[in-house]
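Chemist: Residue numbers (my numbering), protein chains in the order written: chain A, 19 to 242; chain B, 19 to 242.
Glycine included, every Cβ here is placed at the ideal spot set by N, Cα and C.
The following block contains the structure, expressed as structure tokens.
Protein chains: 2
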Amino acid sequence: MNGDADLSYPARLMGEPARAAMLVALLDGGARPASELAAIAGVRPPTASAHLAQLVEGGLLVDRRLGRHRYFALADASVADAVEAVQRIAPRQRVTSLRQSSTALRLAELRSCYDHLAGRVALVIADALVEEGSVAPLVAGRVGEITGSGPVAQRLGLRPEPASGRRPAVRGCLDWTERRPHVAGALGAEIRRVFLDRGWATALPHDRSLKLTDAGRDVLAGLG
Amino acid sequence: MNGDADLSYPARLMGEPARAAMLVALLDGGARPASELAAIAGVRPPTASAHLAQLVEGGLLVDRRLGRHRYFALADASVADAVEAVQRIAPRQRVTSLRQSSTALRLAELRSCYDHLAGRVALVIADALVEEGSVAPLVAGRVGEITGSGPVAQRLGLRPEPASGRRPAVRGCLDWTERRPHVAGALGAEIRRVFLDRGWATALPHDRSLKLTDAGRDVLAGLG
DNA sequence: ACGACGTTTCGCCGCAGGGCGAAGCGTTCC
DNA sequence: GGAACGCTTCGCCCTGCGGCGAAACGTCGT
């Protein structure tokens, strides 16, 4: 139509909920096998396989075969930029019913954002870690840095483990209920694991929201 | 799926060729009536109306009713950012036949990019204008500035008209055959008009390519 | 008042493409 | 060698949605 590159082609690839979920899951730069991406997207393996083939064909993902697994990752930073730029113009989820409204409230409080925590609670944690200097100030969509291990980091039982493999230790992830970055990356995943393992939060069925337990509330109050 | 904003919703809106063409046409920040966008997208009015309604509903476009016309423009800069970020990961059009190949060659040389010129010829002009200081260095996707009126600008008969209305006088537009910015905005549109009016180039039917005339070739040679 | 015009609504068609289960293929483990 | 496993291919269903013509609606010019 226009001598320019065809906008609609990559946009169409991003415009399908299952594929979009896969892309968002890979935003941290990590590589994940097809089965894991299928689970994240909520589709069965054959469907996921078809979607992943399209994303590779379209140049949004690259794949690496390792034994009987096949790992997928974003092709490069420009793909992450595009995904984030589009995410930035997505409307916050609309509230159309009472049930959705209460779900929205729970999600805004605390939820899983792929493998780390998001929501108001996640921001309290992120702010505390940055304030005490354990983590460099976060920028959404950028790789961050562990800069120490202050009292909050120790209270949470976070070991300053070095970045293992390709995955960055810390990454800023824009919180779309609050419009500020929270902790993603390996550290973000560890925080979520700690909260679940120690019974500070429990996962609720049916959606990605989590419920803070009394113990969790105490821990959080102690971070102030 | 994810407490985050739904990436797939705006992406789906961008992922349909007719809607994508409309968004690209509005990238310069201008407002255009529905009928014009219908022509650009190559669809009939009812279809365009449906697409535009979706883009407004999705928050990508805003509209202003003026008499019996309805003008549409990108909702804000973040939408332009998203469109450009996605365009950046689109594959350059593939060549699958000889005919396509010769068309591709003509498009790479000189074409209309909505209302201004693109291709190698457009870059020669842009470079000359920047070099002599008539235009501030161009950045793709950003509003530029007219900084003077050197010999090249005068040879082209460009009046340094002030930005009229909402449309920026100059805008960098990434050239996807050459990966460098050329002149868009009001000045870009005027350059195209001058080339056509003075017989320096003629529009070819069937696609967006233009053919440089001998007179046009002379003018260009004199810009060196 | 009337006709021209830009836009929208309606009703209908046609198809691209997402979804799945079953089955096939290659790799790994014992 | 055989079983388990991860992924892909195949065949099928079925919904979503883009496309258009006809007609309605509102605005403008005369």
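#1: Report all residues from its chain with a CB closer than 6 angstroms to the CB of Ala-187 of chain A; omit the five preceding and five following residues, and keep chain order.
#2: Can the beta-carbon of Gly-137 of chain B be found less than 7 angstroms from the beta-carbon of Ala-126 of chain B?
#3: For Leu-55 of chain B and Phe-90 of chain B, which I take to be in contact (beta-carbon distance under 8 angstroms), what is that distance rounded to the nearest angstrom?
#4: Label Asp-99 of chain B either buried or exposed according to how many other C-beta atoms from any shown protein chain fall within 10 Å of its C-beta, with 16 as the threshold for buried.
#5: Kindly indicate which three-state DSSP category Ile-107 of chain B falls into: helix, strand or coil?
#6: Mind checking which residues open and close the alpha helix (DSSP H) that includes Asp-145 of chain A?
#7: Under 7 angstroms between C-beta atoms, does Ala-221 of chain A make it to chain B?
#8: Which residues in chain B sit within 8 angstroms of Leu-78 of chain A, going by Cβ to Cβ distance?
#9: Give a yes or no on whether the minimum CB-CB distance between Ser-152 of chain A and chain B is below 7 angstroms.
#10: Considering only residues of the same chain and omitting the five flanking positions on each side of Met-40 of chain B, which have a CB-CB separation below 6 angstroms?
#11: Looking at the unbroken beta strand (DSSP E) that takes in Val-201 of chain B, where does it start and where does it end?
#12: Please check if any C-beta of chain A sits within less than 7 angstroms of the C-beta of Arg-62 of chain B.
#13: If you draw a straight line from the C-alpha of Leu-31 of chain B to the C-alpha of Leu-45 of chain B, how long is it?
#14: Measuring straight from C-alpha to C-alpha, what distance separates Val-212 of chain B and Gly-47 of chain B?
#15: Would you list the one or two residues that DSSP bridges to Gly-81 of chain B?
#16: With distances taken Cα to Cα, identify the nearest neighbour of Gly-166 of chain B among B:Leu-174, B:Ser-67, B:Asp-24, B:Ser-152.
#17: What residue range is occupied by the uninterrupted beta strand (DSSP E) comprising Arg-129 of chain A?
#18: Val-170 of chain A: buried (16+ other C-beta within 10 angstroms of its C-beta) or exposed?
#19: Among A:Glu-149, A:His-200, A:Thr-231, which residue has its Cα nearest to the Cα of Asp-215 of chain A?
#20: Answer yes or no: does any C-beta atom of chain B fall closer than 7 angstroms to that of Gly-47 of chain A?
#21: Taking C-beta pairs closer than 7 angstroms, name the residues in chain B that Ala-100 of chain A reaches, listed in chain order.
#22: Of the choices A:Arg-198, A:Arg-88, A:Ser-53, whose alpha-carbon is the least far from that of Val-139 of chain A?
#23: Kindly indicate which three-state DSSP category Thr-65 of chain A falls into: helix, strand or coil?
#24: Could you name the residues of the same chain whose beta carbon sits closer than 8 angstroms to that of Tyr-27 of chain A, not counting the 5 residues immediately before and after it, in chain order?
#25: Using a beta-carbon distance cut-off of less than 9 angstroms, what residues from the stretch 26-39 of chain A approach chain B?
#26: At a Cβ threshold of 7 angstroms, is Val-157 of chain A touching chain B?
#27: Who pairs with Thr-220 of chain A in a beta bridge, going by DSSP?
#28: Are the C-beta atoms of Val-113 of chain A and some chain B residue less than 7 angstroms apart?
#29: When the Cα atoms are used, what is the spatial distance from Ala-52 of chain A to Val-42 of chain A?
#30: To the nearest angstrom, report how far apart Ser-96 of chain A and Trp-218 of chain B are at their CA atoms.
#31: Please report the distance separating the alpha-carbon of Glu-150 of chain B from that of Leu-241 of chain B.
#32: Check the Cβ-Cβ distances between Val-74 of chain B and every residue of chain A, and say whether any is below 7 angstroms.
Modeler: Taking the coordinates as given:
#1: So the list reads Ile-164, Ala-181, Gly-203, Ala-204, Leu-205, once near-sequence residues are dropped.
#2: Yes, the Cβ-Cβ distance between Gly-137 of chain B and Ala-126 of chain B is below 7 angstroms.
#3: Contact flag correct, Cβ pair sits at about 6 angstroms.
#4: Its Cβ being crowded by 16 or more others within 10 Å, Asp-99 of chain B is buried.
#5: In this structure, Ile-107 of chain B counts as coil in the three-state DSSP scheme.
#6: Here the alpha helix (DSSP H) through Asp-145 of chain A covers 138-149.
#7: It does not: the Cβ of Ala-221 of chain A has no partner Cβ on chain B nearer than 7 angstroms.
#8: Near Leu-78 of chain A (Cβ distances below 8 angstroms), the residues of chain B are Ile-107.
#9: Interface criterion not met: the Cβ of Ser-152 of chain A is under 7 angstroms from no Cβ in chain B.
#10: Only residues of its own chain outside the window of five on either side were considered, and among them Leu-55, Ala-59 have a CB closer than 6 angstroms to the CB of Met-40 of chain B, listed in chain order.
#11: Counting along the chain, the beta strand (DSSP E) containing Val-201 of chain B begins and ends at 198-202.
#12: By this cut-off, Arg-62 of chain B is not an interface position.
#13: The alpha-carbon atoms of Leu-31 of chain B and Leu-45 of chain B are separated by roughly 15 angstroms.
#14: If you take the alpha carbons of Val-212 of chain B and Gly-47 of chain B, they lie about 22 angstroms apart.
#15: In the sequence under discussion, the amino acid at residue 81 of chain B is Asp, which differs from the Gly named in the question. Asp-81 of chain B is bridged to B:Phe-90.
#16: Each of B:Leu-174, B:Ser-67, B:Asp-24, B:Ser-152 was checked against the Cα of Gly-166 of chain B, and the nearest Cα belongs to B:Ser-152.
#17: Looking at the DSSP string, the run of the beta strand (DSSP E) that includes Arg-129 of chain A is 129-131.
#18: That one is buried.
#19: Measuring from the Cα of Asp-215 of chain A, the nearest candidate turns out to be A:Thr-231.
#20: Not one chain B Cβ lies under 7 angstroms of Gly-47 of chain A.
#21: Those are Ala-103, Val-104, Arg-106, Ile-107, listed as they occur along chain B.
#22: Selected option, being the one with the closest Cα: A:Arg-198.
#23: Collapsing the DSSP output to three states places Thr-65 of chain A in a helix.
#24: Here the set comprises Gly-76.
#25: The stretch 26-39 of chain A vs chain B, Cβ under 9 angstroms: Ser-26, Tyr-27, Pro-28, Ala-29, Arg-30, Leu-31, Met-32, Gly-33, Glu-34, Pro-35, Ala-36, Arg-37, Ala-38, Ala-39.
#26: Judged by the 7 angstroms Cβ criterion, Val-157 of chain A is not in contact with chain B.
#27: Looking at the DSSP output, Thr-220 of chain A sits in a beta bridge with A:Lys-229.
#28: Confidence in Val-113 of chain A is poor, its pLDDT being 46 and thus under 50, which makes the residue's placement too unreliable to answer from.
#29: Roughly 14 angstroms between the two C-alpha positions.
#30: Within the model, the alpha-carbon separation for Ser-96 of chain A versus Trp-218 of chain B is close to 38 angstroms.
#31: Taking the straight line from one Cα to the other gives about 10 angstroms.
#32: Answer no: the Cβ-Cβ gap between Val-74 of chain B and chain A never drops below 7 angstroms.
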